[in-house]
Amino acid sequence: MEEQGKRSHVVVLTYPAQGHINPLLQFTKRLAAKGLRATFATTPYTILSIRSTTIGLEPISDGFDEGGFSLAPSTEAYLESFKTAGSKTLSDLVQKFIHTEDPVTCIVYDSLLPWAMDVARKFGIYSALLLTVSASVSSLFWHIHRGQLSFPVKLEEDDQPLTVPGIPPIRHGELPTFLARPEDQSAYLSVIMGMYATLDQHDFVFCNSSEELEIESVKAMSGQWPLVMVGPLIPLAYSSSHQSEEDTAYGANLWDPSNEPYLQWLDQREPNSVIYVSFGSMAKIPQAQVEEFASGLKLTNKPFLWVLKDYPKDKLPVGCLGSGGETFRRGLVVEWCNQLEVLAHRAVGCFFTHCGWNSTLEGISLGVPMVGAPIWSDQPMNAKFVDEVLGLGVRAKRDEAGILTAREIERCVHEVMDGERSDEFRANASNWAEKAKGSVSKGGSSDRNIEEFIAKLVKRGR
Ligand code: UDP
Numbered sequence: 001m002e003e004q005g006k007r008s009h010v011v012v013l014t015y016p017a018q019g020h021i022n023p024l025l026q027f028t029k030r031l032a033a034k035g036l037r038a039t040f041a042t043t044p045y046t047i048l049s050i051r052s053t054t055i056g057l058e059p060i061s062d063g064f065d066e067g068g069f070s071l072a073p074s075t076e077a078y079l080e081s082f083k084t085a086g087s088k089t090l091s092d093l094v095q096k097f098i099h100t101e102d103p104v105t106c107i108v109y110d111s112l113l114p115w116a117m118d119v120a121r122k123f124g125i126y127s128a129l130l131l132t133v134s135a136s137v138s139s140l141f142w143h144i145h146r147g148q149l150s151f152p153v154k155l156e157e158d159d160q161p162l163t164v165p166g167i168p169p170i171r172h173g174e175l176p177t178f179l180a181r182p183e184d185q186s187a188y189l190s191v192i193m194g195m196y197a198t199l200d201q202h203d204f205v206f207c208n209s210s211e212e213l214e215i216e217s218v219k220a221m222s223g224q225w226p227l228v229m230v231g232p233l234i235p236l237a238y239s240s241s242h243q244s245e246e247d248t249a250y251g252a253n254l255w256d257p258s259n260e261p262y263l264q265w266l267d268q269r270e271p272n273s274v275i276y277v278s279f280g281s282m283a284k285i286p287q288a289q290v291e292e293f294a295s296g297l298k299l300t301n302k303p304f305l306w307v308l309k310d311y312p313k314d315k316l317p318v319g320c321l322g323s324g325g326e327t328f329r330r331g332l333v334v335e336w337c338n339q340l341e342v343l344a345h346r347a348v349g350c351f352f353t354h355c356g357w358n359s360t361l362e363g364i365s366l367g368v369p370m371v372g373a374p375i376w377s378d379q380p381m382n383a384k385f386v387d388e389v390l391g392l393g394v395r396a397k398r399d400e401a402g403i404l405t406a407r408e409i410e411r412c413v414h415e416v417m418d419g420e421r422s423d424e425f426r427a428n429a430s431n432w433a434e435k436a437k438g439s440v441s442k443g444g445s446s447d448r449n450i451e452e453f454i455a456k457l458v459k460r461g462r
């Protein structure tokens, strides 16, 4: 037990993108729910979109306080500015609490902000890195960092697949794009490779995944580096029986959920009948691809809910949503939604996803079969995982111009929802959902790992 009035105090620092805020915010809330004082730190303009009654919120500067990334001249300049301004404001924050009842005892930071370790060191407090990608992707980068795979990774169509312990053979088109086309994203890649170079220096390395979901990668990495699985970091109401108001949503939306009554629209559909289509927060879908989607979804003859961000609805092909008035038409297009509520809805029978790691974990945790259509970053590896390791669905193939054609969209949806393997996908989806829930429920592997971390903080009293 901790001394009355003195609690371990953890500051959690996130990169200000939706796919990073969600898991780190969720982790902060779990620490608070277990009795710690937990403070979530992010850029001043992002903090305005965060709601919570159980955690503290503190601004950390990225050097572009009026609007962030969009004001930076380049990704490189942004990351560099965040490091300089962020190190200073994070130090000020830790300093501010030093003579209070709850001095900061640990900084948990996003894997894109590994410089926060130096701030923790300066104050002699614990440092903990949180990987927002899977253990398999982390393992692949780790092997490259160790020189066990050559870099840059050249993997052509006819080449032998790459072998990495714990991961099925990796073929052309399955590598994270940062590795396959390093020239496209050199600024992120250099932060990521720099982070793997310091991996053994952090006091803790957390991963947003679970021992059950990634058993082979976890086994293969065991003893090599201190990876602690703490996920899936999904609001607990969706992944276990534990429930409080704080647990029903992430509590952060960089975009406002649509005013369209999409949940009522879903209420009127048959169970497992709706295709939910979303490509996350970062992707911009080109006009030609939007048109193929509109035709492909029409070909399926099924109801669909489609998140199409920053795309004027009046530019959609005429008639693609079907007729019958707002409530009864076959398709509904929204700017942004509460994805968890949608995936948890009984009407949703297929998740057409870009396989961002959070979306992938949400689809798994809520037991929804998937069509994977990766775009960049770690998404090709996640789509491979969904298809080859978990058996939860299929991957869509792009044509030579990189387009998912209407026919291919229709083929994949059919395979997942009505094809020969559709029952198998549904059965696997419920099995993996149970395992994911088990990991985060009280006494599950991820829950125990979080408790052990807390016990170490409390014991050391720093
Ligand atoms: N999301 C949401 N509403 C939407 C689309 C996405 O709340 O309409 C959330 C989704 O639940 C996930 C996050 O945005 O937690 C996207 O993260 P992911 O890693 O899947 O993709 P990214 O945006 O990083 O590409």
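Under full-length UniProt numbering, the first residue of the sequence shown is numbered 1, with each subsequent residue one higher.
Note that beta-carbon positions come from the ideal geometry of N, C-alpha and C, so glycine has one too.
Values in this document were obtained by computation on a predicted structure and should not be read as measured data.
Cβ-based neighbour list, residue i, same chain, cut-off 7 Å, excluding 5 preceding and 5 following
i           : result
Asp-399     : Thr-405
Gly-393     : Pro-369, Met-370, Val-371, Gly-372, Val-386, Asp-387, Val-416 and Phe-425
residue 511 : There is simply no residue 511 to check, as the chain begins at 1 and stops at 462 in what is shown.
Asn-449     : Val-228, Met-229 and Val-230
Pro-161     : Pro-169, Ile-170 and Arg-171
Proximity of residue i and residue j at Cβ, strictly below 8 Å
i       : j       : result
Cys-207 : Val-191 : no
Glu-335 : Trp-265 : no
Ser-52  : Ala-135 : no
Pro-380 : Pro-176 : yes
Asp-247 : Leu-236 : yes
Leu-93  : Val-11  : yes
His-20  : Asp-110 : yes
Gly-251 : Ile-50  : yes
Ile-375 : Phe-293 : no
Phe-27  : Leu-155 : no
Leu-343 : Tyr-276 : yes
Ser-273 : Gly-331 : no
Leu-213 : Lys-435 : yes
Ala-41  : Leu-112 : no
Ala-128 : His-202 : yes
Coarse secondary structure for residue i, derived from DSSP in three states
i       : result
Ser-111 : coil
Glu-452 : helix
His-99  : coil
Met-282 : coil
Glu-58  : strand
Phe-151 : coil
Cys-355 : coil
Leu-227 : strand
Arg-460 : helix
Cα-Cα separation between residue i and residue j, rounded to whole angstroms
i       : j       : result
Asn-22  : Gly-419 : 34 Å
Ser-70  : Trp-115 : 22 Å
Phe-178 : Thr-39  : 32 Å
Ser-258 : Ala-32  : 30 Å
Leu-24  : Phe-453 : 16 Å
Thr-54  : Gly-35  : 10 Å
Val-307 : Gln-289 : 14 Å
Val-318 : Val-440 : 45 Å
Gly-231 : Glu-211 : 9 Å
Leu-316 : Ser-281 : 20 Å
Gln-268 : Glu-341 : 15 Å
Thr-198 : Tyr-126 : 15 Å
Tyr-238 : Ala-429 : 15 Å
Thr-75  : Ala-17  : 13 Å
Ala-347 : Glu-270 : 6 Å
Val-133 : Pro-59  : 24 Å
Asp-62  : Ile-107 : 17 Å
Ser-323 : Lys-88  : 56 Å
Close-in-space but distant-in-sequence residues of the same chain around residue i (CB under 8 Å, 5 per side omitted)
i       : result
Ser-139 : Val-164, Pro-165, Gly-166, Ile-167, Ser-217, Ala-220 and Met-221
Glu-66  : Tyr-45
Gly-194 : Pro-114
Cβ neighbour criterion (16 or more within 10 Å) applied to residue i
i           : result
Lys-302     : buried
Thr-353     : buried
Arg-395     : buried
Tyr-15      : buried
residue 486 : No answer is possible for residue 486: it lies beyond the span of the chain, which begins at 1 and ends at 462.
Pro-169     : exposed
Ala-455     : exposed
Leu-390     : buried
Glu-451     : exposed
Ser-446     : buried
Ser-150     : exposed
Glu-362     : buried
Thr-300     : buried
Close Cβ partners of residue i (< 6 Å) along its chain, the five nearest in sequence each way excluded
i      : result
Glu-2  : Confidence at Glu-2 is low in this model, with a pLDDT of 46, below 50, so the placement of that residue is unreliable and no value is reported for it.
Tyr-78 : Phe-69 and Ala-72
Ser-8  : Leu-36, Thr-105, Leu-457 and Val-458
8 Å Cβ cutoff, residue i in contact with chain C
i       : result
Val-290 : The structure shown contains no chain C, having only a single protein chain.
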